[in-house]
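Written below as structure tokens is the structure these notes are about.
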Amino acid sequence: MSARTSVTGPPVAPAAGDRPAGPREWAALAVLVLAVVLLSVDSTVLTLAVPALTGDLSPTAGQVLWIGDVYGFLLAGLLVLMGGLADRFGRKRVLLVGTLAFGVASAVAGIATDPATLIAARAAQGIAAATLMPSTLSLIRNLFPVARQRTRAIALWSAGASGGAVLGPLVGGVLLQHFWWGSVFLVNLPVVAVLLVGGWFLLPESRDPRPGRLDVLGAAQSVVAVLTVVFAVKEVAGHGLTPVAGATAVLGVLVAASFVRRQRRIASPLVDVRLFANRAFAGALATQLIALTALTGLLFFFSQYLQLVRGSTPLQAGLQELPLMLAALGVLVVVPPLVAGLGLGRAVGSGLWLSALGMLALAGAEGMPGYVWLVPALLAVGAGFGIAFTLSTDAAVGAVEPHRAGTASALSETSYELGAALGIAVLGSLQTVLYRAHLPEGLGGAVRESLARADSVLGDGEVLATARESFTWAMQVTSIGAAVILAVAAATAWRVIPSPRTGGPPGGRGSGSGRDRQRGATRKAGQPSAASHAVEVDASHAVTVPGPTSPRG
Numbered sequence: 049m050s051a052r053t054s055v056t057g058p059p060v061a062p063a064a065g066d067r068p069a070g071p072r073e074w075a076a077l078a079v080l081v082l083a084v085v086l087l088s089v090d091s092t093v094l095t096l097a098v099p100a101l102t103g104d105l106s107p108t109a110g111q112v113l114w115i116g117d118v119y120g121f122l123l124a125g126l127l128v129l130m131g132g133l134a135d136r137f138g139r140k141r142v143l144l145v146g147t148l149a150f151g152v153a154s155a156v157a158g159i160a161t162d163p164a165t166l167i168a169a170r171a172a173q174g175i176a177a178a179t180l181m182p183s184t185l186s187l188i189r190n191l192f193p194v195a196r197q198r199t200r201a202i203a204l205w206s207a208g209a210s211g212g213a214v215l216g217p218l219v220g221g222v223l224l225q226h227f228w229w230g231s232v233f234l235v236n237l238p239v240v241a242v243l244l245v246g247g248w249f250l251l252p253e254s255r256d257p258r259p260g261r262l263d264v265l266g267a268a269q270s271v272v273a274v275l276t277v278v279f280a281v282k283e284v285a286g287h288g289l290t291p292v293a294g295a296t297a298v299l300g301v302l303v304a305a306s307f308v309r310r311q312r313r314i315a316s317p318l319v320d321v322r323l324f325a326n327r328a329f330a331g332a333l334a335t336q337l338i339a340l341t342a343l344t345g346l347l348f349f350f351s352q353y354l355q356l357v358r359g360s361t362p363l364q365a366g367l368q369e370l371p372l373m374l375a376a377l378g379v380l381v382v383v384p385p386l387v388a389g390l391g392l393g394r395a396v397g398s399g400l401w402l403s404a405l406g407m408l409a410l411a412g413a414e415g416m417p418g419y420v421w422l423v424p425a426l427l428a429v430g431a432g433f434g435i436a437f438t439l440s441t442d443a444a445v446g447a448v449e450p451h452r453a454g455t456a457s458a459l460s461e462t463s464y465e466l467g468a469a470l471g472i473a474v475l476g477s478l479q480t481v482l483y484r485a486h487l488p489e490g491l492g493g494a495v496r497e498s499l500a501r502a503d504s505v506l507g508d509g510e511v512l513a514t515a516r517e518s519f520t521w522a523m524q525v526t527s528i529g530a531a532v533i534l535a536v537a538a539a540t541a542w543r544v545i546p547s548p549r550t551g552g553p554p555g556g557r558g559s560g561s562g563r564d565r566q567r568g569a570t571r572k573a574g575q576p577s578a579a580s581h582a583v584e585v586d587a588s589h590a591v592t593v594p595g596p597t598s599p600r601g
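Counting in our numbering, the sequence shown runs from 49 upward without gaps.
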């Protein structure tokens, strides 16, 4: 995918042909921000709806995990490929087609009558979302050729992503309080209609006049490799080490190895695997992936815990999750002085250590009555992630040469989405195994399948109380496991990401300003970031250079 990426450099004047954006361009930006808000809200409302849809559709525990994570796996696997399609066939066209597809998939999800249909609809949503994210940033680059205005536009785009994450639990809570679970998907339809109309009339068409060759086979290999390995993990969690699980895992490893060989051999690779030879870059991506696995794996079941164990309504559960996201946003003001004092790698590691302590506190608070005990733990987890993910994106992009910054930002976004999906798959499977292991022998059927299924078929009684106790115990152990994972990520960041105590980039290469690090921002699982396909810096010090994956005007 062709690119133009902003990196730090000496001040430059706008190109001769660049004119400032007018009212029409800012109205077009509102359409693009709305698209990001749609994806952000959609990614955060599903966890609240799991108890309700489980009672209605009666999915197995494995199907519940697929409903949660198939979206993220396909989004992560197709981001770069869809960006290439947008460059080739037109960014406006791809965005509008993707928006229409997202609306259709949302409608199917909202009226699904069985788990398989819902999983297929969620997969279609993930594919459609992969077309929206790179297209929005590509179009912003074309709408705002003047660097200072583009910086402002990217900031508004990022604010829409963060604001959508905060709105998600509130919107989901209100909908689930008054309507059925399908409403969290159908609410997308009026937004999709506005996007289609506004996009048709306001967005300009643009494409790369010299698009590179699309590696469709490589994209297919990457998706197959991820999904087969994840299927094997879930199969082991549900049925033990079966021949099917073993064969699927081997297939996934072989396809992954073939993908790496292909990327090394072809002239226009989907992923420049040579970047992973850069220790700081690989460490930053590993930190993101490991830490997102911990966060999203826990949060996927936290909403169920609030509703099914503590008896919160969906709206109450949404409000009770807000401290985590508000802390993640509020802590950004301390990012620049923290980097200046500790250095980049140590600042990332410190944020992850804080989140790990928060997870341990959460494990203790989950066994205590009263919501008040959960608040400090949620604040610590959110603040730590706010620091770590703002800076890990900066670390990944700043660790490579300027002309590779676009590739680095795209891979950073992919690691984010992949980690979010892996968290549901891995820790979600662990939660299920622990829940079943803690149940007394003799309890089977709906109780052993999941707490949500038990809650839907049993009234309050001793059996349901036992199931809730088992679920709480499993949540506590999973929280401790998440804390251990975060500690590993913190140690990785501390050791691998360079820490010059100047607030500058690792290795001395171009990295964003303090404002950029904030813009790399904290997002909940599945939420898009400004790092995907574009790296923007303070407009007064920006210069554009070619790069292989972010948008080119």
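Note that beta-carbon positions come from the ideal geometry of N, C-alpha and C, so glycine has one too. Quick caveat, the model's predicted, so the values are computed rather than measured.
Does the ligand GDP have a heavy atom nearer than 7 Å to the CB of residue i?
{"i": "Pro257", "result": "Among the components modelled here there is no ligand, and therefore nothing to report on the ligand GDP."}
With distance defined between alpha-carbon atoms, name the residue in the options nearest to residue i.
{"i": "Leu123", "options": "Gln197, Ala109, Leu87", "result": "Leu87"}
{"i": "Ala376", "options": "Gly399, Pro193, Leu323, Val156", "result": "Gly399"}
{"i": "Ser154", "options": "Leu144, Val298, Gly174", "result": "Gly174"}
{"i": "Pro488", "options": "Glu517, Gly467, Ala468", "result": "Glu517"}
{"i": "Gly300", "options": "Gln311, Val284, Leu275", "result": "Leu275"}
{"i": "Ala404", "options": "Val240, Leu427, Trp114", "result": "Leu427"}
{"i": "Ala325", "options": "Gln336, Arg312, Ser316", "result": "Arg312"}
{"i": "Gly216", "options": "Lys282, Gln368, Ile202", "result": "Gln368"}
{"i": "Leu408", "options": "Arg394, Gly418, Val423", "result": "Val423"}
{"i": "Gly120", "options": "Ala176, Leu244, Ala395", "result": "Ala176"}
{"i": "Leu113", "options": "Leu346, Ser527, Thr296, Val219", "result": "Leu346"}
{"i": "Arg358", "options": "Glu414, Leu251, Gln111", "result": "Glu414"}
{"i": "Ile167", "options": "Leu144, Arg200, Thr108, Glu465", "result": "Thr108"}
{"i": "Val214", "options": "Gly432, Val85, Phe329", "result": "Val85"}
{"i": "Arg189", "options": "Ser106, Glu73, Arg327", "result": "Glu73"}
{"i": "Ala268", "options": "Gly125, Ser316, Leu204, Gly110", "result": "Gly125"}
{"i": "Val381", "options": "Ala431, Tyr353, Ala334", "result": "Ala431"}
{"i": "Arg261", "options": "Val278, Val308, Ser316", "result": "Ser316"}
{"i": "Gly82", "options": "Ala100, Ser106, Gly208, Ser186", "result": "Inspection of the sequence shows that residue 82 is occupied by Leu rather than by Gly. Taking only the C-alpha atoms, the option nearest Leu82 is Gly208."}
{"i": "Val271", "options": "Val128, Trp401, Pro548, Val532", "result": "Val128"}
{"i": "Ala171", "options": "Val239, Ser106, Gln111", "result": "Gln111"}
{"i": "Gln336", "options": "Gly391, Pro99, Tyr464, Met373", "result": "Tyr464"}
{"i": "Gln355", "options": "Arg141, Ala97, Leu80, Ile115", "result": "Ala97"}
{"i": "Ile533", "options": "Ala195, Leu402, Leu512", "result": "Leu402"}
{"i": "Leu499", "options": "Phe350, Val118, Ser186", "result": "Phe350"}
{"i": "Gly204", "options": "Val219, Gly220, Thr184", "result": "According to the sequence as given, residue 204 is Leu; it is not Gly. Closest option to Leu204, Cα to Cα, is Thr184."}
Taking the beta carbon of residue i as the centre, do at least 16 other beta carbons fall within 10 Å, making it buried, or is it exposed?
{"i": "Trp248", "result": "exposed"}
{"i": "Glu461", "result": "buried"}
{"i": "Ala78", "result": "exposed"}
{"i": "Phe150", "result": "buried"}
{"i": "Thr290", "result": "exposed"}
{"i": "Ile545", "result": "buried"}
{"i": "Val3", "result": "Because the chain spans 49 through 601 in this model, residue 3 falls outside it and cannot be assessed."}
{"i": "Arg198", "result": "buried"}
{"i": "Ile159", "result": "exposed"}
{"i": "Arg255", "result": "buried"}
{"i": "Pro68", "result": "exposed"}
{"i": "Thr597", "result": "At Thr597 the pLDDT is 32, less than 50, meaning the model places this residue with poor confidence and gives no usable figure here."}
{"i": "Gly294", "result": "exposed"}
{"i": "Arg139", "result": "buried"}
{"i": "Gly467", "result": "buried"}
{"i": "Pro371", "result": "buried"}
{"i": "Val281", "result": "buried"}
{"i": "Ile314", "result": "exposed"}
{"i": "Arg258", "result": "exposed"}
{"i": "Gly397", "result": "buried"}
| request: Please confirm if the segment 128 to 137 is in contact with the segment 163 to 171, defined as three or more CB-CB distances below 8 Å between the two stretches. | output: no
| message | With a threshold of 8 Å, are at least 3 pairs of Cβ atoms found where one atom belongs to the segment 432 to 445 and the other to the segment 294 to 309? | response | no
| said: Restricting to runs no shorter than 4 residues, where is the alpha helix (DSSP H) found entirely within the segment 385 to 413? | reply: 392 to 413
| query | Taking one C-beta from the segment 465 to 478 and one from the segment 335 to 343 each time, how about it: are there three or more such pairs within less than 8 Å? | reply | yes
| Do the segment 354 to 366 and the segment 211 to 230 touch if we need at least three Cβ pairs shorter than 8 Å? | Taking 8 Å as the limit for Cβ pairs, the verdict is that the segment 211 to 230 does touch the segment 354 to 366.
| query | Should the segment 84 to 103 be regarded as contacting the segment 229 to 244, the criterion being three or more beta carbon pairs within less than 8 Å? | reply | yes
| query | Using 8 Å as the Cβ pair cut-off and three pairs as the minimum, do the segment 515 to 534 and the segment 320 to 330 touch? | reply | no
| said: Please give the ranges of any alpha helix (DSSP H) in the segment 413 to 491, keeping only runs that are unbroken, at least 4 residues long and fully inside the region. | reply: Whole alpha helix (DSSP H) segments, 4+ residues: 422 to 446, 453 to 486.
| query | What residue ranges within the segment 319 to 372 form continuous alpha helix (DSSP H) runs of no fewer than 4 residues, ordered along the chain? | reply | Counting whole runs of 4 or more residues, the segment 319 to 372 contains the alpha helix (DSSP H) stretches 327 to 352.
| message | Suppose only complete runs of 4+ residues qualify. What are the alpha helix (DSSP H) ranges in the segment 251 to 288, listed by chain order? | response | 264 to 287
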